[in-house]
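*Asks:* What follows is a structure written as structure tokens; I'll ask about it next.
This is the structure:
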């Protein structure tokens, strides 16, 4: 996970620095599209209702799908996060950052975060889509 990204971040020089995400990425290679991953394990069982625990599990699920493609978290170029409670997301950013780095390393692709009313699975507090280029 400490391997540097094979892709290049896009950041206009006159913009304020992005923290925890990139404004854009440029990449070449095979594209891997990962459908929304939620905070349940491979057996589709939630092990926790804690927001951070579900984030970490969703990221671990993304890493598992990446591995199936011969890819690693460093290959991710874009993520879309859907959360059911933006206040909890913002209040727990330090913990979220720790969970993110534990799975994804210090790789911060282009990201979008959206609050939604609900997710299809009632216990889910987060769903994350990812796109990678290998």
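In the working numbering, the protein residues as written are 108 to 241.
Virtual Cβ for every residue (Gly too), placed ideally from N, Cα, C.
Only a predicted model underlies this, so the values are computations on that prediction, with no experimental measurement involved.
Based on DSSP bridge pairs, tell me the residues matched to residue 151.
*Replies:* Translated into positions along the chain shown, residue 151 becomes position 44. Beta-bridge pairing links residue 151 to no other residue.
*Asks:* Around the Cβ of residue 168, are there at least 16 other Cβ atoms within 10 angstroms (buried) or fewer (exposed)?
*Replies:* The residue labelled residue 168 in the question sits at position 61 within the chain shown. With 16 or more Cβ atoms within 10 Å of its Cβ, residue 168 is classed as buried.
*Asks:* Where does residue 230 sit, in a helix, a strand or coil, going by DSSP?
*Replies:* Looking up residue 230 in the chain shown gives position 123. Residue 230: coil per DSSP, three-state reduction.
*Asks:* With 9 Å as the threshold, decide whether the Cβ of residue 118 is near any Cβ in chain C.
*Replies:* In the structure shown, chain C does not exist; there is a single protein chain.
*Asks:* Using the C-alpha atoms, what's the distance from residue 136 back to residue 235?
*Replies:* Taking the chain shown and counting its residues from 1, one reaches residue 235 at position 128. Taking the chain shown and counting its residues from 1, one reaches residue 136 at position 29. Whole-angstrom Cα-Cα distance: 22 Å.
*Asks:* Leaving out five residues before and five after residue 127 in sequence, what residues of the same chain have Cβ atoms less than 7 Å from its Cβ?
*Replies:* Mapped onto the chain shown, residue 127 falls at position 20. Around residue 127: 204 and 215.
*Asks:* Could you check the C-alpha separation between residue 220 and residue 188 for me, to the nearest Å?
*Replies:* Mapped onto the chain shown, residue 220 falls at position 113. Mapped onto the chain shown, residue 188 falls at position 81. Between residue 220 and residue 188, the C-alpha separation is close to 5 Å.
*Asks:* State the start and end residues of the unbroken alpha helix (DSSP H) segment that holds residue 174.
*Replies:* Working through the chain shown from its first residue, we reach residue 174 at position 67. Unbroken alpha helix (DSSP H) run through residue 174: 158-175.
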